[in-house]
Structure formats: structure tokens, C-alpha cells
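Asks:
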Amino acid sequence: MLSIDTITTAYDELTVLRELSLQLSAGKIHCLMGRNGAGKSTLLNTIMGLLPIRSGRMSWHGRDITRLPAHDRPTLGMGYVPQGRRLFGEMTVGENLEVALIKQTGQHKQRLRERSLSLFPLLKERLTQRSNTLSGGEQQMLATARALCVEPKLLLMDEPTEGLQPSMVEIIRNAVVTLADEGVATLLVEQRSDAVLPIADCVTFIENGQLQGTYTGQAARSQPELIRQHLGIA
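Counting in the numbering used here, the sequence shown runs from 12 upward without gaps.
1. Please return the same chain residues whose Cβ sits closer than 6 Å to the Cβ of Y226, not counting the five positions on each side in sequence.
2. Pull up the CB-CB distance for I183 and T197, whole angstroms please, since I reckon it's below 8 Å.
3. Since G67 and T17 are thought to touch, with beta carbons under 8 Å apart, how far apart are those beta carbons, to the nearest angstrom?
4. Please report how far the alpha carbon of Q229 lies from the alpha carbon of M152, in whole angstroms.
5. Spell out the partners DSSP gives D16 in its beta bridges.
6. Is it true that the CB of R126 sits closer than 9 Å to the CB of E149?
7. Quick one: grab the DSSP three-state call for M102.
8. Using the beta-carbon count (16 or more within 10 Å), is Y22 buried or exposed?
9. Mind checking who M89 pairs with in its DSSP beta bridge?
10. Just checking my contact of K164 with M69 at CB under 8 Å: how many whole Å lie between their CB atoms?
11. Confirm, please, whether the CB-CB distance from T53 to G220 is below 9 Å.
12. Beta carbon of L123, beta carbon of C160: below 9 Å?
13. Between which two residues does the beta strand (DSSP E) harbouring M44 extend?
14. Are C38 and V195 close, meaning C-beta to C-beta below 9 Å?
15. Identify, in the order they occur along the chain, each residue of the same chain with its Cβ nearer than 7 Å to the Cβ of P80, setting aside the five sequence neighbours on each side.
16. Identify the continuous beta strand (DSSP E) that holds E30 and give its terminal residues.
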């Protein structure tokens, strides 16, 4: 679905990603793990076109999208749940969803709205509530539901379980699994290995902007030394 071929990305003169290559496939949950500052969020921002690629190539179903503007990428079927959620705090839950649906009309718009809410029924009870009054878990559900309004074929999620209690982690995790069953590819950035390893099809480790290895989810789950080696934690 998405092919990243030896890309290099920098913030001004600071190079962050160095000749990085990665392949993402439909219906697979691909976890990207690494220490703070390894380049995980930079990769997601690069995929979404928020950072320019200095060298290398990125293709979507064989189409070169290396220079495609950021505002055109959601129309391909890319949804993004950024770290920190970045909701419009003064807007209600319903209004946050409306922002994502602004280009949709009629029954298709209604279908997308209902689909995004179906994974998080609690949000239906909060539609008129301002998003900055929601709990952390509810805000994460809203950020994910908003991304689903673009009907993504690829969903990028940056630290979605950060600061959440176990019950909320389970809700987010179940939503990701449901989407994978429907053919949606997910690139999931996480620090909490316990939160994502149980559902991972693939796990890639990144350090200093370079990939250090990709393993099947089963291999990562059965070899805790991989986590110690790449993350320095048990």
C-alpha cells in the first residue's frame, strides 16, 4: 500500500531520518517503536507531507507521492491521529467531527459520521460537550473518530495510549483491530510495548532516524530481549 524508499528528512539543517525504508500493507498493524527522539513522530509527519523529503521516494499503490502536498494526502485515504490529539478545544465533539467532514455531503457524510461513532459509542452521548472538557481517554477516542471521517485506508497513530487508563487503552486497541479486519493498514507509534505488542502484526525498531530491524509480532512477543535491546526496558 505505502512504500517508503530510502528517504531522508530534516528540520532545517538537522537531519532526523536517514535513508529510511519501510513497507506498509493493507489490513496489517505495524508498530513503530524506539526511544524518545528516535524519529518516530518525524516519520509520521513525513508520510503526511508535513515535512519535506530531502531525498528518496514515497509511493502509494505505485503512485509517486513524494512531493504531494499535505492537504491532498487525506484524499488518498490517509488518516492521522497526532500525539497530543490536537482537538479544537472550544468546539463540541460534534463540531470537531464536522471539521473532518466539511468536504462531504448527503448520505455519504452521514455514513462516515455514523461509522466513526460506531467504534466509540460513548461519544454519541457527548456530541454537544466541548472537547476540552472530556477526559483524556474520551479525547483520544474523538481524535481517532475524527481521523476515521476521511475513510482512511491507512491510519497513522502517534502515542494513542499515552496517559490512558487500561480500560481506555483496551477501547483504542479494539478499534485498531476492528479496522485491520476491514483492511485498514495502521502504523502505530508507541512507547508502551505492553499496550501494542498483543495486536501487532509487525514491529519495527528505529534509532537515530534509522531502522534497526523489523520483526513479526509473534517474534517480538516471544523474545523480550528485543525490547530490552532496542528500548532499554524490560
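Every residue gets a Cβ at the ideal spot worked out from N, C-alpha and C, and that includes glycine. Since we're looking at a predicted model, the values are computed, not measured.
Replies: According to the structure data:
1. V214
2. With 8 Å as the limit, I183 and T197 do not qualify as a contact, their Cβ atoms being about 11 Å apart.
3. 4 Å
4. 27 Å
5. R68
6. no
7. coil
8. exposed
9. L165
10. The Cβ separation is near 15 Å, so there is no contact.
11. yes
12. yes
13. I40 to M44
14. What sits at residue 38 in the sequence shown is Gly, not Cys. Yes, the Cβ-Cβ distance between G38 and V195 is below 9 Å.
15. G60
16. L25 to L35
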